Amino acid sequence: MEKFRGVDYYGIETLLSEDERMIRDAVRDWVEAEFIPIVPEHHRAGTFPIALIPKLGELGVFGATLKGYGCAGLSSVAYGLIMQELERGDSGLRSCASVQSGLVMYPIYAYGSDAQKDRWLPVLATGETVGCFGLTEPDHGSDPGGMKTRAVKKGDAYVLNGTKLWITNGSIADVAVVWAKTEDGEIRGFLVEKGTPGFSTLDIHGKFSMRASITSELAFQDCRIPLDNLLPNVQGLRGPLGCLNQARYGIAWGAVGALMACYDWALQYAQQRVQFGKPIGSFQLVQQKLVWMLNEITKAQLLVLQLGRLKDAGTVRPQQVSLAKMNNVQAALDGARMARDILGAAGIVDEHPVIRHMLNLETVNTYEGTHDIHTLIVGRDVTGLDAFGAA
Amino acid sequence: MKIVVAIKQVPDTATQVKIGGDPKAIDTAGITWIVSPYDEFAIEEALRLKEKRGQGEVIAVSLGPDRVKEALRSALAMGCDRAIHLNDPAWANADTLATAQALAAVIKQEQPALVLCGRQAIDDDMGAVGAQLAEVLGWPCASWIMEEAVDADAKSVRVGRQVEGGLEVFDLPLPAVLSAQKGLNEPRYPTLKGIMGAKKKEIKDVKAGDLGLTPAAPQVAVKNLEALPARPPGRVIQGEIKDAVKELVRALREDAKAI
Ligand SMILES: Cc1cc2nc3c(=O)[nH]c(=O)nc-3n(C[C@H](O)[C@H](O)[C@H](O)COP(=O)(O)OP(=O)(O)OC[C@H]3O[C@@H](n4cnc5c(N)ncnc54)[C@H](O)[C@@H]3O)c2cc1C
Ligand SMILES: Cc1cc2nc3c(=O)[nH]c(=O)nc-3n(C[C@H](O)[C@H](O)[C@H](O)COP(=O)(O)OP(=O)(O)OC[C@H]3O[C@@H](n4cnc5c(N)ncnc54)[C@H](O)[C@@H]3O)c2cc1C
């Protein structure tokens, strides 16, 4: 197959500024040269290419929209384009950048003390230091407000007890942003350093999705952390949800990248693969699938571009981010399944990137708020009625 | 140390080139333009020289239409300090000599200690501008260099040139013109901060008149572009294996003259 050429049926290119295009192209070239050649072996082995983390830092991907601390201060649209290109490589690569930027650097930047910012942001930006985000628990996923992890103040320390599950980069992280309830039942954020006594991690194996990404369990057993490690400037669920809003925005863009990768591959395959004496691309049913994908890509691109412009204008609402996450991930998942179909038996092997994307997108559909949960968020927004069904 | 890097914007290596309506030119519709890869080695080497010496200035220069600004912006994003765009319809049909003369005129104004360029641009593969530029300037020139070392007081440069089976080592007094061969270095990616910073750097537009030049009619002009003839279809040899092999050997020997 030929090198990925991008997909732009509506000349959306012209809606981007010159630096937004240059940023997208720089990341696209980087992914093509540094990541695409090695991802199949990592996917097979179930490992993440950890050595690329400082290289991503050097490129300037981490915390790219933040100002100061060695960050690039990019627009939200430029950041979205970065996420699109990373996920064109693999959802695991985008996840790594999403977690570091949206779920670790953002809360430190938005909710942290000056000392916490000075200490962590510069080293997280370069990728010398890796972070993770611990919100989900074994018994609380879609409903994080019910979390059981507790942080009790005892003398000069908070004592953490509880378990976090499904945590991206958990076992390689130097610092974990952990959400726990204090004695007053209020959700607070804490910075827990690797190696703190009482803090241990365990990797999750047997995944069929997001294989080129590290997913771990974090366990806290009478884990004492200094009082200064509390994120001082936020309380309640709005803390973690504020972070998720950043990361979900990136996912909405990333999903477009995964779908573009599948479409570009399936299109080329359909033009070359001959059955019944003709390229399969000449059959109506195959064309219908390709056109469906192209149509969804085009709509999804316009959706996230406008979402990004709203974000840059400071007027975006979280419910609008929910709509884009929900729509784009569903389109990507459905499109990836069609691309897999077009490849026939070839579609089930990792010589082609399609099934890897397809399986990854199952996770993307679930994490950062499942498709259905985002439907309920938008549903509540438009009807004014809550359908979450809480007792 | 002041260094000028001469770069050219060319179609992306993945482009499927089509001949245009005017058969003297290619159809540029839908082409993605990039900095010619050998020129990226030249940029990288200039930046490394500046970084190693802890001071200096790297100036990217390119001749071409408006779109060339994007190539210059990439050079700035990689780390060049400023750029000069030789942008004048008078140069629309410039051949390599006219290009070299234009470059020489800005270089005389800038007075760098070193000029770097790629060994050839990957579009028309002429590979002439570097040497012609040195000739017009009256400076020494080494082409296809694999390594370079400028001495401490920037008076001379030692270069290694790739030749069949080995390296040819030269000392050149500065100022000089060097052209980069693949393997000289591994060009860096422009960083995202570099791209943002590039917006604030200067790209100076220069017209032929600003250099006191009136480009002469080109000495070399394209008369016509022709596509390669379509490849003749392959031939399937039918029949019993024994006979087919015989026929294959005969065809390879007599028709294809391959064995
Ligand atoms: C690879 C991977 C990486 C992850 N990384 C992180 C990370 O870094 N940090 C982190 O904190 N978490 C992470 N997660 C966890 C992720 O955010 C959760 O899986 C997600 O929030 C869903 O929670 P759950 O798995 O417990 O599913 P559940 O909440 O048990 O949901 C199961 C099903 O029930 C549906 N459902 C739940 N409630 C309702 C309702 N009220 N009405 C209708 N349907 C409902 C859901 O839509 C879903 O279909 C990761 C997950 C994966 C798979
Ligand atoms: C794990 C596995 C085990 C298998 N085991 C066996 C086995 O034991 N024995 C055996 O003989 N085979 C086996 N197969 C092969 C299987 O039957 C073929 O993969 C299947 O017939 C599809 O053929 P293909 O993969 O060449 O896809 P293709 O025929 O190339 O089809 C590619 C795509 O084009 C579509 N398409 C093709 N023609 C048309 C048309 N005219 N109009 C519209 N759309 C069209 C298809 O629906 C598909 O989406 C196996 C395959 C797998 C994956």
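As given, the protein sequences belong to chains C and F, one line each in that order.
Residue numbering for the first sequence follows the working numbering, starting at 25 and increasing by one per position.
Residue numbering for the second sequence follows the working numbering, starting at 5 and increasing by one per position.
Ideal Cβ positions, reconstructed from N, Cα and C, are used throughout, including at glycine.
Remember, predicted model here, so these are calculated numbers, not experimental data.
Contact set between the stretch 182 to 200 of chain C and chain B, restricted to residues whose Cβ is under 8 Å from the partner: No chain B appears in this structure, whose protein chains are C and F.
N- and C-terminal bounds of the alpha helix (DSSP H) containing V388 of chain C: For the purposes of this step, residue 388 of chain C is taken as residue 364 along the first sequence, with counting starting at 1. V388 of chain C -> alpha helix (DSSP H) spans 378 to 390.
CB contact check: T32 of chain F to chain C, cutoff 8 Å: As a working note, residue 32 of chain F is residue 28 in the second sequence. Not closer than 8 Å to any Cβ of chain C, the Cβ of T32 of chain F fails to qualify, so no.
Residue closest to L73 of chain F, alpha-carbon to alpha-carbon, out of F:Q242, F:I38, F:E48: Here residue 73 of chain F refers to the residue found at position 69 of the second sequence. Rather than Leu, the amino acid found at residue 73 of chain F in this sequence is Lys. It is F:I38.
Cβ-based contacts, 7 Å cut-off: residues of the stretch 135 to 147 of chain C near chain F: none
Entirely enclosed alpha helix (DSSP H) segments - the stretch 20 to 54 of chain F, minimum 4 residues: none
C-alpha distance - V240 of chain F paired with H376 of chain C, whole-angstrom precision: Working through the second sequence from its first residue, we reach residue 240 of chain F at position 236. Working through the first sequence from its first residue, we reach residue 376 of chain C at position 352. Using only the alpha carbons, I get a separation of about 30 Å.
Contact under 8 Å by Cβ, R22 of chain F with D16 of chain F: Position 18 of the second sequence holds residue 22 of chain F. Position 12 of the second sequence holds residue 16 of chain F. Per the sequence shown, the amino acid found at residue 22 of chain F is Lys instead of Arg. Going by C-beta atoms, K22 of chain F is not nearer than 8 Å to D16 of chain F.
A271 of chain C vs G126 of chain C beta-carbon contact at 8 Å: Locating residue 271 of chain C in the first sequence gives position 247, counting from the first residue. Locating residue 126 of chain C in the first sequence gives position 102, counting from the first residue. Against a cut-off of 8 Å, the Cβ pair of G126 of chain C and A271 of chain C comes out as a contact.
Residues that E16 of chain C bridges to, as DSSP identifies them: This structure does not reach residue 16 of chain C, given that chain C is present from 25 up to 415, and the question cannot be answered.
Distance cut-off 7 Å: G393 of chain C Cβ against heavy atoms of ligand 2: Here residue 393 of chain C corresponds to residue number 369 of the first sequence, with the count starting at 1. G393 of chain C Cβ: outside cutoff for every heavy atom of ligand 2.
DSSP three-state assignment for L174 of chain F, whether helix, strand or coil: For this step, residue 174 of chain F is matched to residue 170 along the second sequence. Contrary to the premise, residue 174 of chain F reads as Phe rather than Leu in this sequence. Strand at F174 of chain F.
Expected contact under 8 Å - CB spacing of A108 of chain F and L141 of chain F to nearest Å: Translated into the one-based positions of the second sequence, residue 108 of chain F becomes position 104. Translated into the one-based positions of the second sequence, residue 141 of chain F becomes position 137. At roughly 5 Å, the Cβ-Cβ gap stays under 8 Å, so A108 of chain F and L141 of chain F are in contact.
Beta-carbon proximity check, V31 of chain C vs G113 of chain C, cutoff 8 Å: The residue given as residue 31 of chain C occupies position 7 in the first sequence. The residue given as residue 113 of chain C occupies position 89 in the first sequence. Not a contact, by the Cβ cut-off of 8 Å.
Whether V226 of chain F touches K28 of chain F by CB criterion (8 Å): On the second sequence, residue 226 of chain F is found 222 positions in, with the first residue counted as 1. On the second sequence, residue 28 of chain F is found 24 positions in, with the first residue counted as 1. Yes.
Through-space distance from M234 of chain C to A7 of chain C, alpha-carbon basis: Since the first residue of chain C shown is 25 and the last is 415, residue 7 of chain C is not available in this structure.
Under 9 Å by beta carbon: chain C residues contacting S40 of chain F: Walking along the second sequence from the start, residue 40 of chain F turns up at place 36. Residues of chain C passing the Cβ test: none, with the nearest at roughly 15 Å.
Per-residue burial, S100 of chain C [other beta carbons within 10 Å of its own, 16 or more giving buried]: Taking the first residue of the first sequence as 1, we reach residue 100 of chain C at position 76. That one is buried.
With 16 other Cβ atoms within 10 Å as the buried cut-off, status of Y391 of chain C: Here residue 391 of chain C corresponds to residue number 367 of the first sequence, with the count starting at 1. Buried.
Which of helix, strand or coil DSSP assigns to N257 of chain C: As a working mapping, residue 257 of chain C is identified with position 233 in the first sequence. Coil at N257 of chain C, not helix or strand.
Residues proximal to ligand 2 by C-beta, any heavy atom closer than 6 Å: C:R297, C:Q299, C:F300, C:I304, C:F307, C:L309, C:V310, C:D365, C:I366, C:G368, C:A369, C:I372
Three-state secondary structure (DSSP) of F307 of chain C: On the first sequence, residue 307 of chain C is found 283 positions in, with the first residue counted as 1. Of the three classes helix, strand and coil, the one that applies to F307 of chain C here is coil, per DSSP.
Chain F residues whose Cβ lies nearer than 8 Å to that of D53 of chain C: Here the question's residue 53 of chain C lines up with position 29 in the first sequence. Simply Y193.
D396 of chain C Cβ short of 7 Å to ligand 1 heavy atom set: Residue numbering aside, residue 396 of chain C sits at position 372 when the first sequence is read from its first letter. Flag set: Cβ of D396 of chain C near ligand 1.
Nearest to D127 of chain F (by Cα), restricted to the options F:I11, F:M5, F:I263: Here residue 127 of chain F refers to the residue found at position 123 of the second sequence. Of the candidates F:I11, F:M5, F:I263, the one whose C-alpha sits nearest the C-alpha of D127 of chain F is F:I11.
Residue burial classification, L309 of chain C (beta-carbon count within 10 angstroms, cutoff 16): Against the first sequence, residue 309 of chain C aligns to sequence position 285. Under this definition L309 of chain C is an exposed residue.
Residues in the stretch 43 to 75 of chain F having any Cβ partner in chain C nearer than 8 Å: E74
Where M107 of chain C sits in the DSSP three-state scheme: Your numbering for residue 107 of chain C matches position 83 in the first sequence. In the structure shown, M107 of chain C sits in a helix (DSSP, three-state: H, G or I).
K203 of chain F at chain C interface by Cβ criterion, 8 Å: Numbered from its first residue, the second sequence carries residue 203 of chain F at position 199. So yes, K203 of chain F belongs to the interface.
I191 of chain C CB to nearest heavy atom of ligand 1 below 7 Å: Residue mapping note: residue 191 of chain C aligns to position 167 of the first sequence, counting from 1. True, at least one ligand heavy atom lies under 7 Å from that Cβ.
7 Å CB neighbourhood of L327 of chain C in its chain, flanking five on each side removed: Numbered from 1 along the first sequence, position 303 holds the residue referred to as residue 327 of chain C. The residues are A348, N351, N352.
Neighbour-count burial assignment, F232 of chain C, 16 or more Cβ in a 10 Å radius: The residue you call residue 232 of chain C lines up with position 208 of the first sequence. The residue is exposed, with fewer than 16 neighbouring Cβ atoms inside 10 Å.
Chain-ordered residues of the stretch 151 to 181 of chain C with a beta carbon less than 9 Å from chain F: none
Enclosing alpha helix (DSSP H) for E206 of chain F [first to last residue]: On the second sequence, residue 206 of chain F is found 202 positions in, with the first residue counted as 1. Where E206 of chain F is concerned, there is no enclosing alpha helix (DSSP H), given that its DSSP letter is neither H nor E.
Exposed unless 16 or more other CB atoms sit within 10 angstroms - verdict on K188 of chain C: Indexing the first sequence from 1 puts residue 188 of chain C at position 164. With 16 or more other Cβ atoms within 10 Å, it is buried.
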